[in-house]
Amino acid sequence: MSLDVNDLAVYYRTLRGDVRALDGVSFSLADGEIMGLAGESGSGKSTLGKSLIRMDARMRHVAGTVRLDGAELPVADDARMVPFRFHQVSLVPQYAMSALNPTRRIGRMVRELVRSRGVDYAGVHPELLRRLELVGLDEQVLRRYPIELSGGMKQRVVMVVSTLLNPSLLIADEVTSALDVSTQRAVAEALAGFRDRGFVKSMVFVTHDLALVHQIADTIMVMYAGRPAEKASSRTIIEAPRHPYTRMLISSLPEVGVTFAGKRLQGIPGRPPGLLDPPPGCRFRDRCPLAFDKCAEQPPFAEVAPGHWAACWKAE
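If you're matching positions, the sequence shown starts at 1 in full-length UniProt numbering and goes up one per residue.
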């Protein structure tokens, strides 16, 4: 088992109190698995991704454990996580420009980063060039400043740098959100290719684009209000979801080839609950057409079919 997350809870400190961004998240990820992490804005998907590498100082780890390749990651301690970053677990951030130092040429930046991790740059330089070539970039990129690269080129540079030390787990956080449609697909396919070539063992692909993640992910986990709603194979999530939220989320999205006259899109009524003081029980119940009295109790995230988990009393 590559990754095992058990009852993870992560809050954000604010002047009004703690925002319960993650509140009891459990799931596992097998070697070689690409898991898409989907949901509305504010569902906790990016927080979950960043909490696995401890990349946000505002986070307060409250409970839960994260085990990677059998060893526990010290996700509650920023300093103790430093040796694990980019060696065992790595991150491709949402905005590539924010990850690149505008005052450094790409080559110098990579050299400084690799050396800071105790790795000889000369030893990895040939592999760096090979991986740049795999994503359609040549050696000239290393002599350029970030401002000289397009958005897609910057994203591919960050992808190569983030995986250069062959981490077990890669977290790709909304890596396609600022790109045009054709570049989105190229970037997503390049990430899948990294897995296929063994540059990373497993991947968490955070996105709001279900159509895109369906094409590259083996499984999809849908988040809602800081908790997992459903996890299954990509095909099952799209074609046979069990959780009412997943069904309504998919029905609110347009389908290729279906005209407006042929199918009217259905929005999800209501709003997600505030996470400063979330309601007890199922957090989707105020918006759910299937809600009943038992929904006042929190349903377990349970296996309702082989390889299919859902947190709903009516999912079985």
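Ideal Cβ positions, reconstructed from N, Cα and C, are used throughout, including at glycine.
Extent of the continuous beta strand (DSSP E) run through residue i
i: THR103; result: That residue, THR103, is in no beta strand (DSSP E); it is neither H nor E in DSSP.
i: SER28; result: 17-29
i: ARG85; result: ARG85 -> no beta strand (DSSP E), and no H or E assigned at all.
i: ALA240; result: Run containing ALA240: none; DSSP gives neither H nor E here.
i: HIS308; result: 308-310
i: GLU303; result: 302-305
Helix, strand or coil at residue i according to DSSP, with G and I counted as helix
i: PRO146; result: helix
i: LEU91; result: strand
i: LYS201; result: coil
i: VAL231; result: First, the amino acid is wrong: residue 231 is Lys here, not Val. In the structure shown, LYS231 sits in a strand (DSSP, three-state: E or B).
i: VAL75; result: coil
i: LEU265; result: coil
i: MET55; result: coil
i: THR176; result: coil
i: GLY123; result: helix
i: THR219; result: strand
i: HIS214; result: helix
i: ARG60; result: strand
i: THR207; result: coil
i: LEU132; result: helix
i: ARG287; result: helix
i: ARG117; result: coil
i: LEU275; result: coil
i: LEU48; result: helix
Residue of the options minimising C-alpha distance to residue i
i: CYS288; options: ALA302, ILE268 and GLY274; result: ILE268
i: ARG60; options: THR163, PRO299, ALA71 and ASP77; result: ASP77
i: ARG80; options: SER98, ALA99 and MET55; result: MET55
i: GLY281; options: ARG271, GLN266, PRO299 and ARG264; result: PRO299
i: MET223; options: LEU165, SER28, GLU40 and SER51; result: GLU40
i: PHE194; options: ARG130, GLY42, SER150 and LEU8; result: ARG130
i: LEU149; options: ARG105, ASP293 and ASP18; result: ARG105
i: SER2; options: THR236, ALA30 and LEU276; result: ALA30
i: ALA96; options: LYS294, MET153, ARG111 and LEU132; result: MET153
Beta carbon of residue i nearer than 8 Å to that of residue j
i: ILE53; j: LEU113; result: no
i: LEU22; j: GLY44; result: yes
i: VAL204; j: LEU37; result: yes
i: SER168; j: LEU68; result: yes
i: ARG227; j: ALA311; result: yes
i: LEU128; j: VAL160; result: yes
i: GLY24; j: ASP7; result: yes
i: PRO279; j: PRO273; result: yes
i: GLY49; j: ALA9; result: no
i: VAL75; j: SER51; result: yes
i: LEU164; j: VAL124; result: yes
i: TRP309; j: GLU303; result: yes
i: PHE292; j: TYR245; result: no
i: GLN94; j: SER26; result: no
i: MET35; j: THR236; result: no
i: TYR145; j: PRO102; result: yes
Unbroken alpha helix (DSSP H) run spanning residue i, endpoints
i: ILE171; result: No alpha helix (DSSP H) holds ILE171; the beta strand (DSSP E) holding it covers 169-173.
i: MET159; result: 151-162
i: ASP4; result: That residue, ASP4, is in no alpha helix (DSSP H); its beta strand (DSSP E) goes 3-14.
i: THR246; result: 244-251
i: GLY36; result: Taken as a continuous stretch (DSSP letters only), GLY36 belongs to no alpha helix (DSSP H), being part of the beta strand (DSSP E) at 34-38.
i: GLN184; result: 181-196
Cβ distance (whole Å) where residue i is taken to contact residue j below 8 Å
i: LEU212; j: VAL158; result: Going by Cβ atoms, the distance from LEU212 to VAL158 rounds to 18 Å, so no, they are not a contact pair.
i: LEU137; j: GLY107; result: 12 Å between Cβ atoms; not a contact.
i: GLN215; j: VAL187; result: The Cβ separation is near 12 Å, so there is no contact.
i: ALA229; j: HIS243; result: 5 Å
i: TYR12; j: ARG58; result: 5 Å
i: GLU33; j: SER202; result: 5 Å
i: LEU290; j: LEU253; result: Incorrect: roughly 20 Å between the Cβ atoms, too far for contact.
i: VAL206; j: ASP173; result: 5 Å
i: GLY307; j: ALA190; result: With 8 Å as the limit, GLY307 and ALA190 do not qualify as a contact, their Cβ atoms being about 27 Å apart.
i: LEU276; j: ARG16; result: 6 Å
Proximity test, Cβ basis, 8 Å: residue i and chain C
i: THR65; result: Protein chain content of the structure displayed is limited to a single chain, and chain C is not contained in it.
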